[in-house]
Structures are given as C-alpha cells and as structure tokens.
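Just so you know, the sequences run in chain order A and B.
For the first sequence, position 138 matches number 138 in our numbering, and the numbering has no gaps at all.
For the second sequence, position 57 matches number 229 in our numbering, and the numbering has no gaps at all.
Okay, structure first, notes after.
Number of protein chains: 2
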Amino acid sequence: MAGTTTGPGEAALEAALDRAAAGCLARGAQLTELRRQVLKLVLASPHPVGAYALLDQLRAARPGAAPPTVYRALDFLQEQGLVHRVERLNAFVGCAGPEAHHHCGHGHDHPHQFLICGSCGATAEICDDRVAAAVADAARAAGFFPVRTTVEVEGRCAACAAMTQAAPAAVR
Amino acid sequence: MAGTTTGPGEAALEAALDRAAAGCLARGAQLTELRRQVLKLVLASPHPVGAYALLDQLRAARPGAAPPTVYRALDFLQEQGLVHRVERLNAFVGCAGPEAHHHCGHGHDHPHQFLICGSCGATAEICDDRVAAAVADAARAAGFFPVRTTVEVEGRCAACAAMTQAAPAAVR
DNA sequence: CCCCGGGATGATATGGTGTAACGCCGCAGC
DNA sequence: GCTGCGGCGTTACACCATATCATCCCGGGG
Chain A
1 MAGTTTGPGE
11 AALEAALDRA
21 AAGCLARGAQ
31 LTELRRQVLK
41 LVLASPHPVG
51 AYALLDQLRA
61 ARPGAAPPTV
71 YRALDFLQEQ
81 GLVHRVERLN
91 AFVGCAGPEA
101 HHHCGHGHDH
111 PHQFLICGSC
121 GATAEICDDR
131 VAAAVADAAR
141 AAGFFPVRTT
151 VEVEGRCAAC
161 AAMTQAAPAA
171 VR
Chain B
173 MAGTTTGPGE
183 AALEAALDRA
193 AAGCLARGAQ
203 LTELRRQVLK
213 LVLASPHPVG
223 AYALLDQLRA
233 ARPGAAPPTV
243 YRALDFLQEQ
253 GLVHRVERLN
263 AFVGCAGPEA
273 HHHCGHGHDH
283 PHQFLICGSC
293 GATAEICDDR
303 VAAAVADAAR
313 AAGFFPVRTT
323 VEVEGRCAAC
333 AAMTQAAPAA
343 VR
C-alpha cells in the first residue's frame, strides 16, 4: 500500500463514491453533494467516527452546518447501506463493501457484525451467515419476528493481543 | 398471572431483591439501600428504562439525587449482572434471572440477547448458546479475541405481529 | 482515644449525543 | 403560476453521560 494508515487513497475514495452514487441512482435515490461529502469523511476515517466529529470536519466545507445537517445525511447513508452505526460507540463506519455483499446474495440491508478492539479502537465489519441464521432462529423460536439485528463484539484484535503478550506487565 | 402489566408483584419484587442482595454478599459486594432502590425501579419497569427516568422516580425517595447517583448504582448493578444495558435504546433492563443462568452453567457475566419490539417497546432477554457460540466462532475466525458481546434484535413481538395482521390498514 | 484509609454518596458543573419544529429554496408537473 | 415535494438551513431544546471535588460513615491501628 502506498497510502497512509489514515484510510484509502484519494483515487480509491473517489472511485468508491462514484460507485455509491451509481448504486443510489439505481435505487431511485440521489447522492447529493452534501451526502457525498459526509460519506467521504466517514470512508476516510480509519475508525468509527462520531456525528459531531463529522460535523467539525464538515464545517470546513460548509460553515453553516449544524447537527441536523450531518444526522440527516447519515440517516440517508444508512438507508442506502453505505454506512453503519456502531451502537456501542455512538459512532459511524463506512460499509466495508456493499457491492461485495450484493455478490454474496444480500441486499443493501445486509446482515453484518462488528468486531471492536477495546485497545486500539479498530473496528472490523464481518458478514457471517451462520451468526445471522443463529440469531434469526433464536428470535423466531421465541415467537419474535426479526427486522434488524445488531451484533457487536468487544475484545482484542490480533495485533493488540500480540502486543499484550509481549508486554503483559503494562496491562495487568 | 394475577398482577398488572406494570411488572412483578410487590412480594415477588422484594423476594428478588433479597436474592440479589444475597448474591452480592456471596461475591463480596454489598447491595446498599440506594442500589436496592434503583434495582427495584428497574425490575418494576415492564420496559427498558432510561437513566433519567430512573432519576425522576428515585427523587421521590431521595430528593437530592443527581445523574451520578443513578449511574453509579447502575454501574454496580451491571457488574453484578443484575441489570443489562440495551445499547439501541440507551436504557436499562433488569436481568431476567441471573440465578437461572447460573444453573445453566453461566457466571453472572452471562451471554444474552435482546428482542426489542419496535411497536410496543417490549424487550425480552433470551440466552441462546448457539448464538453465543456462532458469534464467538466468527470472531475467532477473524483473528479476534472476544470479551463481551452485544446482540440486539429489533422486530415485532408475537402480540404486535398478530395485531398488525388484524388491522393492516392502521400500519400502512 | 485519635487518626487514618477506603468505599459510598452528595453536589456542582460540563460535555456529548440526538431531535423537533419551522422556514426557505429549487424543481417537476399540472 | 400554483402546488407538492425533497433537500437543506437554522434555532432551540431534550436527553444521555461523566469529571471533579466534598462529605460521611465505618472499621483497623497506633
């Protein structure tokens, strides 16, 4: 990788935004300039990002931006499956690859799970059908009709776990 | 059930509180009067209840109560496995039956899942080992070391689903 | 007896998160 | 042109959570 660790390169980012815009159009929605700006900020962040952090960054381009500005954009992007909300963090992440999930046979409202490293804050999205099926089965067994499922696992990512082994004294 | 729909009867409530107090003592902790009052309010609520709603009720008994009062009590109760936090709602529920879960072989930090009815707000806790196992497996397969897992399913409870069928016009 | 340490609580202040409500503007369709 | 609608600006507010310092109580040691 030639870029930094702060996110994808500018070119890849714009390409992803163009793909997202095309996907929105295909669903009869429009990725306006504002929504595109917010999505770009979310995708550029290596970690989940809070709404007010987005707001601060957004004000560079739009001095008049206020909370509803960013929340409305985020609502739209969530409906389009372009970003997800991480409930445990009150924060938002770009969807790893909605198109890829379409290839797996899922719609834009695809099931997903988050792995949140409590040490470094990295958050990974996975898409495990066994988990989704187990949750849906358990819900239905209780007479419940599931609509949307949140699965968030807090723990240690491989890198942080390795560091913990190398210097256990720093953690205990 | 002979009681109302607003929660368990007073006698059953006090019995549960006594059991909780005994459990705390066994773990070397103390269910003080304040904590007992907060736990009673949580258990008496048929739905997840926000911290500030608890605070309002608590002020009937403790006029000087402030946010930290109730949050500290809630932190303690969560550590003891007597209440859970529902992330999607920023609210708290009493644990269905920590003792029952102990019988199932789980500690007081037992895995659990929530079924949240988006129509009536009812929230049920289930404890499905297949779900917990599937999530843990998926996380480990990604090189992740899980510590705590949140599973929350939003949908329709059986009662609300039946009502929706009976009067679909009211929903569309 | 006094002091001291720790846990629990009281009290104040502040920061972070999310939404309601109203109005304006631009555009498509009649 | 009027109207309806979606997107956005703007103000104000409600709700959620924590930091910080002070106080009280109680049991142990000197």
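Glycine included, each C-beta is placed from N, C-alpha and C at the ideal position.
For A29 (chain A), the closest of A:L77, A:E10, A:A11 by C-alpha to C-alpha distance is A:L77. Here the stretch 150–167 of chain A makes no contact with the stretch 182–192 of chain B; the two share fewer than three CB pairs at distances below 8 Å. When rounded, the separation of the alpha-carbon atoms in P235 (chain B) and V258 (chain B) is 27 Å.
For the 7 Å CB-CB criterion, V221 (chain B) and A192 (chain B) do not form a contact. Between H112 (chain A) and H84 (chain A) the beta-carbon gap is near 6 Å, inside 8 Å, which marks them as a contact. Taking 7 Å as the threshold, the shortest C-beta distance from A51 (chain A) to chain B does not fall below it.
In the structure shown, the three-state DSSP call for C95 (chain A) is coil. Around the Cβ of Q229 (chain B), a 10 Å sphere holds 16 or more other Cβ atoms; the residue is buried. Collapsing the DSSP output to three states places F114 (chain A) in a strand.
Residue-level contact check: A134 (chain A) touches chain B, since one or more beta carbons of chain B fall below 7 Å from its beta carbon. With its beta carbon less than 7 Å from one in chain B, C157 (chain A) belongs to the interface.
In the DSSP assignment, F76 (chain A) falls outside any beta strand (DSSP E) and within the unbroken alpha helix (DSSP H) covering 67–79. The continuous stretches of beta strand (DSSP E) do not include V49 (chain A), and DSSP gives it neither H nor E. One alpha carbon belongs to G94 (chain A), the other to H282 (chain B), and they sit about 31 Å apart. Classified as exposed, L25 (chain A) has fewer than 16 neighbouring CB atoms from the shown chains inside 10 Å of its CB. Listed along chain B, the residues sitting closer than 8 Å to G143 (chain A) by beta-carbon distance are C329, A330. Apart from sequence neighbours up to five positions away, the residues of its chain that approach A44 (chain A) with a beta-carbon distance below 8 Å are T6, G7, P8, L13, ordered along the chain.
For the pair I116 (chain A) and A304 (chain B), the Cα-to-Cα distance works out to about 16 Å.
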